[in-house]
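All residue numbers for the first sequence refer to our numbering, where the first residue is 4 and numbers rise by one. Glycine included, each C-beta is placed from N, C-alpha and C at the ideal position.
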Amino acid sequence: MAYDFQMIEKKWQASWERNKREKNNSKPKFYCLDMFPYPSGSGLHVGHWRGYVLSDSLARYKILNGYEILHPMGWDAFGLPAENYAIKNKTHPAISTKKNIENAKRQLKEIGAVYDWDREVNTTDPEYYKWTQWIFLKMFEKGLAYEKEMPLNWCPNCKAVLANEEATNGICDRCGSSVTKKMLRQWMLKITDYADRLLEDLDLLDWPQKVKKMQADWIGKSFGASVNFKVWEKDLEIEIFTTRPDTLYGATFLVLAPEHELIKKLVSNEKKDEVEEYIKKASEKSYVDRMADKEKTGVFTGAYAINPLNKKKIPIWISDYVLADYATGAIMCVPAHDDRDFEFAKKFDLEIIEVIKDNKLINSGEFNDLDYDEARKKIIDMIEKLKIGKRQINYKLRDWIFSRQRYWGEPIPIIHCEKCGLVPVDEKDLPVLLPEIENYEPTETGESPLAKIESWVNIKCPKCGEKAKRETNTMPQWAGSSWYFLRYVDNKNKFCLADKNLLKKWMPVDYYVGGIEHAVLHLLYARFYTKFLYDIGVVDFKEPFLKLFNQGMINKNKTKMSKSKGNVVSPDDLVKKYGRDSLRLYELFVGPPELDCEWNDSGIEGVFRFLNKFYNFVCEYKNKLIDENKKLVIFRNKLVFEITRRIESLSLNTVVSGLMEFLNDLMDLCKNFGGVDIKTLENFIITLAPFAPHISEELWNLIGNEKSIFESEWPKYDKNNMQDDFVNIALQINGKLRGNISVDINLEREKIILLAKENLEKKLDGKEIVKEIYVPKKIINFVVK
RNA sequence: GCCCGGAUGGCGGAAUUGGUAGACGCGCUGGACUUAGAAUCCAGUAUCCAAAAGAUGUAUCGGUUCAAAUCCGAUUUCGGGCACCA
Numbered sequence: 004m005a006y007d008f009q010m011i012e013k014k015w016q017a018s019w020e021r022n023k024r025e026k027n028n029s030k031p032k033f034y035c036l037d038m039f040p041y042p043s044g045s046g047l048h049v050g051h052w053r054g055y056v057l058s059d060s061l062a063r064y065k066i067l068n069g070y071e072i073l074h075p076m077g078w079d080a081f082g083l084p085a086e087n088y089a090i091k092n093k094t095h096p097a098i099s100t101k102k103n104i105e106n107a108k109r110q111l112k113e114i115g116a117v118y119d120w121d122r123e124v125n126t127t128d129p130e131y132y133k134w135t136q137w138i139f140l141k142m143f144e145k146g147l148a149y150e151k152e153m154p155l156n157w158c159p160n161c162k163a164v165l166a167n168e169e170a171t172n173g174i175c176d177r178c179g180s181s182v183t184k185k186m187l188r189q190w191m192l193k194i195t196d197y198a199d200r201l202l203e204d205l206d207l208l209d210w211p212q213k214v215k216k217m218q219a220d221w222i223g224k225s226f227g228a229s230v231n232f233k234v235w236e237k238d239l240e241i242e243i244f245t246t247r248p249d250t251l252y253g254a255t256f257l258v259l260a261p262e263h264e265l266i267k268k269l270v271s272n273e274k275k276d277e278v279e280e281y282i283k284k285a286s287e288k289s290y291v292d293r294m295a296d297k298e299k300t301g302v303f304t305g306a307y308a309i310n311p312l313n314k315k316k317i318p319i320w321i322s323d324y325v326l327a328d329y330a331t332g333a334i335m336c337v338p339a340h341d342d343r344d345f346e347f348a349k350k351f352d353l354e355i356i357e358v359i360k361d362n363k364l365i366n367s368g369e370f371n372d373l374d375y376d377e378a379r380k381k382i383i384d385m386i387e388k389l390k391i392g393k394r395q396i397n398y399k400l401r402d403w404i405f406s407r408q409r410y411w412g413e414p415i416p417i418i419h420c421e422k423c424g425l426v427p428v429d430e431k432d433l434p435v436l437l438p439e440i441e442n443y444e445p446t447e448t449g450e451s452p453l454a455k456i457e458s459w460v461n462i463k464c465p466k467c468g469e470k471a472k473r474e475t476n477t478m479p480q481w482a483g484s485s486w487y488f489l490r491y492v493d494n495k496n497k498f499c500l501a502d503k504n505l506l507k508k509w510m511p512v513d514y515y516v517g518g519i520e521h522a523v524l525h526l527l528y529a530r531f532y533t534k535f536l537y538d539i540g541v542v543d544f545k546e547p548f549l550k551l552f553n554q555g556m557i558n559k560n561k562t563k564m565s566k567s568k569g570n571v572v573s574p575d576d577l578v579k580k581y582g583r584d585s586l587r588l589y590e591l592f593v594g595p596p597e598l599d600c601e602w603n604d605s606g607i608e609g610v611f612r613f614l615n616k617f618y619n620f621v622c623e624y625k626n627k628l629i630d631e632n633k634k635l636v637i638f639r640n641k642l643v644f645e646i647t648r649r650i651e652s653l654s655l656n657t658v659v660s661g662l663m664e665f666l667n668d669l670m671d672l673c674k675n676f677g678g679v680d681i682k683t684l685e686n687f688i689i690t691l692a693p694f695a696p697h698i699s700e701e702l703w704n705l706i707g708n709e710k711s712i713f714e715s716e717w718p719k720y721d722k723n724n725m726q727d728d729f730v731n732i733a734l735q736i737n738g739k740l741r742g743n744i745s746v747d748i749n750l751e752r753e754k755i756i757l758l759a760k761e762n763l764e765k766k767l768d769g770k771e772i773v774k775e776i777y778v779p780k781k782i783i784n785f786v787v788k
């Protein structure tokens, strides 16, 4: 009988659809989560499948091990990608999104994954974003959401404001354009309030070190001191932040960021024009240009400050290498011990005083000869005693710019009233529906397209009843994805975002699978949201994802798969030609799951042949059943032991190669015996089941089982019964392989060594054995002269 | 510049963490079956040598060890992250 995968796969997918797994509260839970995709127009390619196959195999393995699993899927459908796609294709985002979801869902079903589609969530569904808005209102209530007029990252191409995380290195994450600054009123979330907890709780997580480090670097905690410098002959003080208070005696000038607010007050008359010119130039430079300039630029203000410790009169400069939005936007410069300050001092011929030599302080008054670590503490103590500054901690993390001047997002549920100011929409009036409009394209002014719909914007103030206007900005895509994992556990709840008991039952997520590209974006935001919801008593855990797994990318022709590069491999054709199980197996076999790898179409032939062989083997031998014997029992134990070990260590590529190897061995064994025992046959089919579920169901059924294979149990193995009677021992002379012997497992050491000597008689002839090394069951090494 | 990872046959990759390097698969070569092809099966496939024997071999050089892809030191190179954060 030929392996008719089309028939088999259709048959069992229909059967799974009909017979849903029963809920069973007595079983331990396992929440296995994929990062939900945004439904793009180009559909899924084999690279997307990699993560999904991995998580599904894991979920199925857990089912067989007696867990009740939660394995849901949904759509991150708001946001720029969906909107850009819609604009490009001249279709309303609501329509194109719906269509794209249908296609992606069809493709996902092809995998034969155990997704629980009853739990599907969609961030653009009003019943969903009602709760996205609700969380925002709670943050507003707690003072974590606030408005601010500020220069923002502006992408002239996307015509949108970008979060810092979306504008790394001044390049727009979406389109690659250079980002400029624009002054706009924005909604901000005070993620900085959570900086410390976000940093510290990384310790609770079983995540790849790399991701933890990226988050820690992004938060960027640094310890130091703030110090106030008096301006010479003016009643002004400039506050600076330094991580090196020990070098305070070496501070020979100050530098302010061009945006610093004190500049106007302290600039001297003769320098005024020059300074204004410099500030103007700096403001016109884009963020990238400012960063790309290797050569330092700057201008002297004509004013001086007093170094509070050595009372030296030091010049105050302005330069764009000082960032306005970190710490106080002003620094003290110690050119002797900082490369950037040194460069600046050299260029503008400023004084350089060395204050540390051989780790000891010099030129530092009463602190001379102290070790610099100790000096740091003592100088901060002095600063605090003199009340000219204090210990301080700073973070690189900035508050989260939360509004977008875009159509396709959740409306921010706030009303602007001339009398009452900012008025939150009443909870009972949620969701604030996104109005349907014709022109949803972004505007040149930086205003949201929603602002044009007067009937929607103009509203009565819920507080005083007077004229008021709705907030027209929308939320960023990250809003919906920052809490979606909570909604899966109770996706139809009308009264709260999810029932507390259900949250308690399922959360936190036990296994989270997705790409590393979300290391500092989604994963940081989701942690922040979870901590906030913890604080207001909605959830009772501090971290949403206990274990994170980043699957590697699949490349084609050494390049990341993308439609624009034309190197996309579609799963649809492969499913037609080889079937879902073959594709699943190859997705795993292609390489170590955490590493990037190269896709090779002909590679799938190998796993396809394996499934054919396996199918034919079972079909033939199910009619040649024999009693079990020692060799078969040993084989079976080794099989289950090895496959279990490899799954547990997530080495899924070697699970597949292992199954192939075991099949080759078993076929040889069975040829000798003229048959196989039923238990070995059963065990083998079960060990294949998590990875190739359709064919496993079919074979399980063919050998006489009526229930689904996923109602059976992952087989056990007897660790004490995995050893053949004879064992192969490699013989070495001076560490080089010189022979092999097969010996009885119970033979004692002396006799084995004797056998080895006999075997190597000729090669040892005339040589003196200096040492014999015997590694049981493995190696004998004779060291000779 | 700083911080992480990698580098193993023609290719993707194994190697129980110091113990027979190259499992498994792809590809290739030869053979069987066939009118022929497809499919399947058998044998071979790191390099040098006609072959046996042997030697060499896990980016390079050196070290530790009876024994190194694995540990240590230096170097080359590819990829990723961060990058004027004071």
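query: Are the beta-carbon atoms belonging to residue 762 and residue 742 less than 7 Å from one another?
result: yes
task: State the start and end residues of the unbroken alpha helix (DSSP H) segment that holds residue 771.
output: Taken as a continuous stretch (DSSP letters only), residue 771 belongs to no alpha helix (DSSP H), as it is neither H nor E.
Beta-carbon spacing of residue 474, residue 417 below 7 Å: yes
field: Status (buried if at least 16 other CB within 10 Å, exposed otherwise) for residue 120
entry: exposed
query: Quick one: Cα of residue 400 to Cα of residue 133, how far?
result: 29 Å
Through-space distance from residue 15 to residue 63, alpha-carbon basis: 15 Å
message: For residue 395, report the span of its beta strand (DSSP E) as first-last.
response: 392-397
- prompt: Which ranges would you report for the alpha helix (DSSP H) in the region 508-555 if only whole runs of at least 4 residues count?
  reply: 525-538
N-terminal and C-terminal residue of the alpha helix (DSSP H) that residue 586 is part of: 583-592
- prompt: What number of angstroms, rounded off, separates the C-alpha of residue 702 from the C-alpha of residue 612?
  reply: 16 Å
Residue nearest to residue 353 in terms of C-alpha spacing, selected from 362, 360, 343, 359: 343
- prompt: Around the C-beta of residue 567, are 16 or more other C-beta atoms found within 10 angstroms, so that it is buried, or is it exposed?
  reply: exposed
query: I think residue 191 touches residue 535, with their Cβ atoms under 8 Å apart; what is that distance to the nearest whole Å?
result: Not a contact, Cβ separation roughly 14 Å.
query: So, are the CB atoms of residue 319 and residue 304 less than 7 Å apart?
result: yes
message: Please identify the residue among 108, 452, 735 whose C-alpha is closest to the C-alpha of residue 575.
response: 108
query: Excluding five sequence neighbours on each side, which residues of the same chain lie with their C-beta closer than 7 Å to the C-beta of residue 444?
result: 90, 452
message: Please report the straight-line C-alpha distance between residue 41 and residue 47, rounded to a whole angstrom.
response: 10 Å
- request: Tell whether a beta-carbon distance below 7 Å holds between residue 339 and residue 356.
  value: yes
query: Where does the unbroken alpha helix (DSSP H) through residue 622 begin, and where does it stop?
result: 606-624
- prompt: In or out: residue 407 buried (at least 16 other Cβ within 10 Å) or exposed?
  reply: buried
Close Cβ partners of residue 394 (< 6 Å) along its chain, the five nearest in sequence each way excluded: 228, 383
message: DSSP three-state label for residue 498, please.
response: coil
query: Do residue 706 and residue 628 have their CB atoms nearer than 7 Å?
result: no
- request: From the DSSP output, in three-state form, read off residue 726 for me.
  value: coil
task: Would you kindly work out how many angstroms separate the C-alpha atoms of residue 586 and residue 577, rounded to a whole number?
output: 7 Å
query: What's the C-alpha gap between residue 65 and residue 336?
result: 59 Å
- request: Please list, in chain order, all residues of the same chain as residue 755 whose beta carbon is under 6 Å from its beta carbon, the five residues on each side excluded.
  value: 746
- request: State the DSSP-derived secondary structure class of residue 42, mapped to helix, strand or coil.
  value: coil
- prompt: Do you know offhand how far residue 557's Cα is from residue 52's?
  reply: 10 Å
Alpha-carbon to alpha-carbon, residue 447 and residue 187: 13 Å
field: Where residue 21 falls, given that 16 or more other Cβ within 10 Å makes a residue buried
entry: exposed
Selected residue, minimal CA-CA separation from residue 136, among 492, 197, 485: 485
- prompt: In terms of DSSP beta bridges, what is residue 461 paired with?
  reply: 472
Minimum C-alpha distance to residue 30 - residue among 634, 70, 261: 70
- prompt: Going by other Cβ atoms of all chains shown within 10 Å of its Cβ, with 16 needed for buried, is residue 559 buried or exposed?
  reply: buried
task: Tell whether a beta-carbon distance below 7 Å holds between residue 215 and residue 202.
output: no
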